[in-house]
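Trainee: Please find one structure pasted underneath; my questions will follow.
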Amino acid sequence: MELVLTNLEIRALKETLETEISHLRREITAAKDRRTREDLVTQKELLVSILEKLPAVVLNVA
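So for the sequence shown, the working numbering puts the first residue at 5; every next one is plus one.
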């Protein structure tokens, strides 16, 4: 599957992923239940995988 995004869309997606990954890290730390923690770690790993597939540098061009 190929997804074509503009630079602005890529930047917005990266920011959203980074924010959610940060939020998940805090949730993982606070999670008391092992199963919940494992589910959160899996979700975080999926988002990190998506983030790593995005271009590292996004030009400031719309």
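Just so you know, even glycine gets a beta-carbon here, dropped at the ideal spot from N, CA and C.
Mind checking Leu44: buried by the 16 CB within 10 Å criterion, or exposed?
Mentor: buried
Trainee: On the premise that Leu28 lies in contact with Ile54, defined as a C-beta separation below 8 Å, what is that separation, rounded to the nearest angstrom?
Mentor: Contact flag wrong, Cβ pair sits at about 13 Å.
Trainee: Classify Glu6 as helix, strand or coil using the three-state DSSP reduction.
Mentor: coil
Trainee: Whose C-beta lies closer than 7 Å to the C-beta of Arg41 among residues of the same chain, with five residues either side of it excluded?
Mentor: Ile32 and Ala35.
Trainee: Is DSSP giving Val61 helix, strand or coil here?
Mentor: Looking at Val61 - three-state DSSP - the assignment turns out to be coil, as it is neither helix nor strand.
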